[in-house]
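For what it's worth, UniProt numbering labels the leading residue of the sequence shown as 1, then goes sequentially.
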Amino acid sequence: MAKRFAEHKGLDLVKTNQDMLKEWEKHDIFHKSIDEREGEPQFIFFEGPPSANGHPGIHHVLARSIKDTFNRYKTMQGYQVRRKAGWDTHGLPVELGVEKELGITKKDIDNHSSERYISTEDYNHKCRENVMKFTAEWRQVTEEMGYFVDMEHPYITYDNKYIETLWWLLKQLYNKGLLYKGYTIQPYSPAAGTGLSSHELNQPGCYRDVKDTTVTAQFAIPEEDWKALAEKANLPQSTWGKPCFVAWTTTPWTLPSNVALCVGPKIEYVIIETYNPYDAQKVTLVMAGSRVAAYLKPEGEITDGGELPAFERGDKYVPYRVVGHVMGTELEGLHYKQLMPWVKPVEKTGEFAPQFVNNYAAAHPEKVFKSEEGRDQFVEMESEAFRIILGDYVTTEDGTGIVHIAPTFGADDAKVAKDANIPALYLISKKGETRPMVDLQGKYYTLDELDKNFIKSCVNKEAYAHHAGDYVKNSYDPRFNPNGVWDKKASEKAEDLNIIICMEMKQEGSAFNIQKHVHNYPHCWRTDKPILYYPLDSWFIKDTARKARMVELNKTIHWQPASTGTGRFGNWLENLNDWNLSRSRFWGTPLPIWRDENHGEKCIGSVEELYNEIEKAVAAGVMEKNPLKEAGFVVGDYSKENYDKIDLHRPYVDDIVLVNDEGKPMHRESDLIDVWFDSGSMPYAQLHYPFEGEINSDGLKATGMSEAAYRDALIHSTYEGIAVPPAFFPADFINEGVDQTRGWFFTLHAIATMVFDSVAFKNVISTGLVLDAKGNKMSKHVGNVTDPFEMLHKYGADPVRFYMMTNSEPWDNLKFDPEGVDECRRKFFGTLYNTYSFFALYANVDGYEPTNCKAIKADAPEIDRWIISKLNSLIKGVTAELEDFDPTRAGRLIDSFVNNDLSNWYVRLNRKRFWGKEMSADKQSAYDTLYTCLMTVARLLAPFAPFYADQLYRDLGGECESIHLDRWSVADEAVIDTDLEARMDMAQRITSMVLALRRKVNIKVRQPLAQIMIPAIDSTQKKHIEAVADLIKHEVNVKELSFVEGQGILVKKVKCNFRVMGKKFGKLMKLVAARMDTLSQDEIAALETTGEFNFELEGQPIKVEAADVDIISEDIPGWLVSNEGNLTVALEVELTDELRREGMARELINRIQNLRKEAGLEITDRISVIIEPNEEAAKAVESFGELIKTQVLANAISLAKNAGTEVEFDDFKLHIDIQKD
């Protein structure tokens, strides 16, 4: 016959996992938890899509534990919580994985001349295969950790229906004027083969310190310009050696692309006569006056007007003298000689060219030439470049105060050059395209890649060929990437192009200073390699136009932690740049914009629209047939089967040519879109909105239209005003890592604001990093990565989840320690298991039935009323913390209740109540109370530890199939007795403090002590202590508990918390600390009582709060003192002979009781005891013989030698013999 309450043979949480998973699957608990809430209010949750081409990590377990906790909690509260899994399937990680597997690079794709040629079609087919490589692992970890999420019907970002929603969203932005094309300098990753958005560049760890070779270059000043400068500075026309402007750069490889030097208009510059330190040649230099000391030692300055001494290379310092002063504005317009005359500046002429370019071309027809294929016209503009321009951004913090300008490799450079009508230094490719000197692989273009007419007009072939084909950074060079794997050590060890160029400049005398320099440089977040700033044609989302609204809406979001919302995320919004949407890749969502040769555009917002536009192209004879029609696609049929007939990816979409209103061809812009747009669109794309998915009822009602009519207006973008969002929107809760602050969190917020004028989420937890036990970042290379499956299979999911959520706040970095997981298993789950086992053992013996235990009786024992009061306070506390989206505080409350209140206090103090033979009212109350506590704890624990909570619930006889179908506990305010809780809390605190003092001097609890002395801070505290004095004395084994009026003999001191108070008081901290050191005992008492101490310091009011300091008590001879908050306890530790004898008597009782158990005696059996003679034992028996006999049921105790069992005491051993009478 099965027992009413299951009794287990031990705690095995791994087996509990397995058993509960089988039960959940058998009874379809997940789907029931949703279906049974049909018609109830919805709690909307969005799952951020992970990439399934990578393994799940332990950090994913943390994020998913948090998500699952809140989804289960809200389900138990009665909400319907739909949760759909998703897969992020596009983008760089997938492409890099495929390229590594196939041993190819981007340049091999669709490149018929490559030995490793692969078509776009085959490449994308491989990407589609690889992207779901590890879905089985993800499913396994999801199920084994107990994360309830719908993985049978996930949203997949490569799905055609998903892409259609993205196209629709982009069309809304286009129609609002928020989508535009720009040719700008952008961060570009040669290793990844694509541009990067600003939020990608601001992922954690992208900016890092690097040591590069830098050069301060000498830009020679032509004779006529030197004369003009000399006149402005009142200098003679003759010069001391070659006159030069000097400018510093951390990227010497950009110097061949220099076209201007920029000075600060308000900066004072000096003219210096000196020597080049490398070749000892005389030079006259121009640099900012405040930067001279950075290059020339003051010992070398000549100030008396005398001649400069001779200088030889190797001298300790370089002689110099300042001969002139000019302001930056006086330098404007002066020319200098091109530093590296490899290529002459060139600009494209025509309708879209700047006016100054067309004007120059008209004035200099001899410099105009056409591209090789004759389509475009260009003009060589050498005479308009290589001059000094002004820039307010120039500083004198480093360098020379003169900035080298290469417009093709810097956004600031491009802006100031454009404002000053400085032509750029472009190359012209075989296709007639203007390109910077460095190609998309990170190397200088080779001559055979360039337009012949351009080479003839603008290129010094001999000079250019010297470095043609060289990689500007070793990390891009195939030599250091064998089989696509970057050999970082080798690339960093070898000389790079920067060093080579600097050495060449040194040889030719154009380098004034070469040195290593540490600076902060951005790296690609996916490849870990440095990026370049590169001119690209890109499409941008003008999110800056909605910045104010984004900032406004962000203030309505509940962020955990709040500092992320106001700080990291808020600051990001305040400093927003337009979103670079374009990506030069192959596998991703194609940009749905077609353009004609005159820049006419069409933005396609649906497959239906594309279908109809193709029909026009077919009718115009531009397309032979409609590939969508040929595939059997039916417009308006939103079934999966219909959409699976087509593919909206490259290359198929690239083959579609549309026509403009004049019937001229329009070709798709070749870019893909940022994958962050994919994930940021998931609230709508997972529903295939607006084509499918319920429309928000309030919004629909406000339109005054029928659902069918309004949906049609949405689909065809003919609606008025702001689009009505779906009903399943916005999210009530999302959670991802802090790295998503400028990733998914931002894109969700930006798209929702721009399209629907709404937040995308109301509450968000931004989780920190999961580090190893020592606080180091987990890395496969280091070998400190924790395998989530190993943890789940070794400890079970519940302790892993509970540990991760209670060890530290989710938004703080977690030092993951497997020993901590094991400790959580033992201390929390082990304690809860033991508490239940205790209950089940006696409840089964007594045939207990929990029929009427929901309400505590008014006449129940005080200890029962106390634990029920604490239980309901726990319900309130856990609920409040979860409502505030703080799982850590909630979990810790449960942990504290189980360990401190339920097990260590209630059960320990009430064990004897369960031992009686009859089911008395007192015993019934104890059972009812303990059962209520266990069942409630199971409910509160269910969101955190779903497996063990469900087992406990089933063991206790829960009414539902699963605890996850039951309702959340609601606190009963009527049974909360705060005064009773305060009294018992006092007893617990004092007991804990006294036991700690005993341990400090190694005095066991069995050894009675004379007294505790407590200086109560007020009458309320004293009343609470008096009410539980007997309980305290029994628990800590002291004879008396007395109160000291005032501070009595106790001496207290205040110790300042400098870390906390330093932030609060700043420069006054030392003076504040000095004042606190002088507090009198009465002032300290007042601080404890009121919680604050006020005084004035240098005329300023100062308030020190109790939380700012530690109040410590000094020990008194013969006493130990402990202080905790406003509670102080003194324990007398001196032992009298009487106390020692009683202590020995209790030790004897302990040993005799153990012998009784070992002998198998019944609890009612009487015995006789013989104790081996010993002075301490004899004195104890003499004084406390009756006590010993009573406790051990002995009829007689005698002292004599015997052959009984040898038992150990602290300092000796004795033989004790017991005989049953």
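The C-beta atom is built at its ideal place from N, Cα and C for all residues, glycine as well.
Computed from a prediction, not measured in an experiment: that's the story for all the values here.
Inset, instruction - Assign Tyr-336 to buried or exposed, taking buried as 16 or more other Cβ atoms, counted over all protein chains shown, within 10 Å of its Cβ. - result: Tyr-336 comes out buried.
Legend entry - Ile-875 at chain D interface by Cβ criterion, 8 Å: This model lacks chain D altogether, as it is built from one protein chain only.
Inset, instruction - State whether the region 265-278 contacts the region 324-340, with contact taken as three or more CB pairs (one from each stretch) at a distance under 8 Å. - result: Yes, the region 265-278 touches the region 324-340.
Inset, instruction - Please classify Pro-1101: does DSSP put it in a helix, a strand, or coil? - result: Residue state, collapsed to three classes: strand.
Legend entry - Contact under 8 Å by Cβ, Pro-788 with Phe-829: No, the Cβ-Cβ distance between Pro-788 and Phe-829 is not below 8 Å.
Inset, instruction - Assess, as a yes-or-no matter, whether the region 1013-1028 is touched by the region 1125-1132 under the definition of 3 or more beta carbon pairs within less than 8 Å. - result: Contact between the region 1125-1132 and the region 1013-1028 is established, with three or more Cβ pairs separated by less than 8 Å.
Inset, instruction - Reducing DSSP to helix, strand and coil, say where Gln-441 ends up. - result: Reduced to three states, the DSSP call for Gln-441 is coil.
Legend entry - Contact check, Gln-686 vs Tyr-147, beta carbons under 8 Å: It is not a contact, given that the beta carbons lie outside the stated cut-off.
Inset, instruction - Kindly list the residues whose CB is nearer than 7 Å to the CB of Pro-651, restricted to its own chain and excluding five residues on each side of it in sequence; keep chain order. - result: Excluding sequence neighbours, Pro-651 sits near Thr-120 and Glu-121.
Legend entry - Length at least 3, wholly inside the region 57-100: the beta strand (DSSP E) runs in chain order: With a minimum length of 3 residues, the continuous beta strand (DSSP E) runs that stay inside the region 57-100 are 84-87.
Inset, instruction - Give the single residue among Tyr-643, Met-666, Asp-644 and Glu-662 whose Cα lies nearest to the Cα of Asp-654. - result: When only C-alpha atoms are compared, the closest one is Met-666.
Legend entry - Sequence-distant residues of the same chain with beta carbon closer than 6 Å to Glu-1175, five excluded per side: So no residue of the chain qualifies.
Legend entry - Simplified DSSP assignment, three categories, for Asp-212: It is a strand residue.
Inset, instruction - Mind checking which residues open and close the beta strand (DSSP E) that includes Ala-1130? - result: That run of the beta strand (DSSP E) goes 1127-1132.
Legend entry - Cβ-Cβ separation, Leu-553 to Thr-753 (assumed contact under 8 Å), whole Å: Rounded to whole angstroms, the Cβ separation of Thr-753 and Leu-553 is 6 Å, and the two are in contact under 8 Å.
Inset, instruction - With DSSP as the reference, please indicate the residues paired to Arg-583 in a beta bridge. - result: Looking at the DSSP output, Arg-583 bridges to Leu-672.
Inset, instruction - Under the assumption that Glu-372 contacts Asn-453 (Cβ atoms under 8 Å), give the Cβ distance between them as a whole number of angstroms. - result: The beta-carbon distance between Glu-372 and Asn-453, rounded to whole angstroms, is 5 Å. This is short enough to meet the 8 Å contact definition.
Inset, instruction - Counting only the same chain and skipping the five closest in sequence on each side, list residues whose C-beta sits under 7 Å from that of Ala-85. - result: If the five residues before and after Ala-85 are omitted, its C-beta is found closer than 7 Å to the C-beta atoms of Glu-47, Val-149, Asp-150, Met-151 and Pro-154, all from its own chain and listed in chain order.
Inset, instruction - Please look up how many angstroms separate the CB atoms of Asn-124 and His-558, rounded, as I've assumed it's under 8 Å. - result: The beta-carbon separation of Asn-124 and His-558, rounded to 41 Å, does not stay under the 8 Å limit for a contact.
Inset, instruction - For Met-791, collect the residues of the same chain with a Cβ closer than 8 Å to its Cβ; drop the 5 residues on either side in sequence, then sort them by chain order. - result: Residues of the same chain with a CB within less than 8 Å of the CB of Met-791, apart from the 5 flanking positions on each side, are Ile-58, Val-61, Val-800, Pro-818 and Val-821 in chain order.
Inset, instruction - Give me the Cα-Cα distance between Glu-883 and Arg-967, rounded to the nearest whole angstrom. - result: Between Glu-883 and Arg-967, the C-alpha separation is close to 16 Å.
Inset, instruction - Assign Phe-897 to buried or exposed, taking buried as 16 or more other Cβ atoms, counted over all protein chains shown, within 10 Å of its Cβ. - result: Residue burial is scored here from C-beta neighbours: Phe-897 has at least 16 other C-beta atoms within 10 angstroms and is therefore classed as buried.
Inset, instruction - Assign Tyr-638 to one of two classes, buried (16 or more other C-beta atoms within 10 Å of its C-beta) or exposed (fewer than that). - result: The residue in question, Tyr-638, is exposed, as its Cβ has fewer than 16 Cβ neighbours within 10 Å.
Legend entry - Under the three-state DSSP convention, the category Val-322 falls into: In the three-state DSSP reduction, Val-322 falls in the strand class (E or B).
Legend entry - Burial state of Leu-1071 (16 or more Cβ within 10 Å): The residue in question, Leu-1071, is exposed, as its Cβ has fewer than 16 Cβ neighbours within 10 Å.
Legend entry - Opening and closing residue of the beta strand (DSSP E) in which Leu-658 lies: Segment 657-659, the beta strand (DSSP E) holding Leu-658.
Legend entry - Residue of Lys-3, Tyr-689 and Met-132 minimising C-alpha distance to Gly-605: If we check each option's Cα against that of Gly-605, Tyr-689 comes out closest.
Legend entry - Exposed unless 16 or more other CB atoms sit within 10 angstroms - verdict on Val-379: With a threshold of 16 other beta carbon atoms within 10 Å, Val-379 meets it and is buried.
Inset, instruction - Please state if the CB of Val-1181 and the CB of Ile-1152 are separated by a distance shorter than 8 Å. - result: At least 8 Å separates the beta-carbon of Ile-1152 from that of Val-1181.
Legend entry - Per DSSP, cross-strand counterpart(s) of Leu-261: BP columns for Leu-261 point to Ile-388 and His-404.
Legend entry - Cys-127 beta carbon less than 8 Å from that of Glu-101: No.
Legend entry - Inter-residue Cα distance where the pair is Pro-627 and Glu-608: Cα to Cα, Pro-627 sits roughly 13 Å from Glu-608.
Legend entry - For Gly-177 and Asp-674, the rounded distance between their alpha carbons: Each residue's alpha carbon lies about 19 Å from the other.
Legend entry - Per DSSP, cross-strand counterpart(s) of Phe-1093: Val-1104, per the DSSP bridge assignment.
Legend entry - Beta-ladder partner(s) of Cys-458, from DSSP: Partner(s): none; Cys-458 has no beta bridge.
Inset, instruction - Specify the secondary structure class of Asp-1217 as computed by DSSP and reduced to three states. - result: Per DSSP, reduced to three states, the secondary structure at Asp-1217 is strand.
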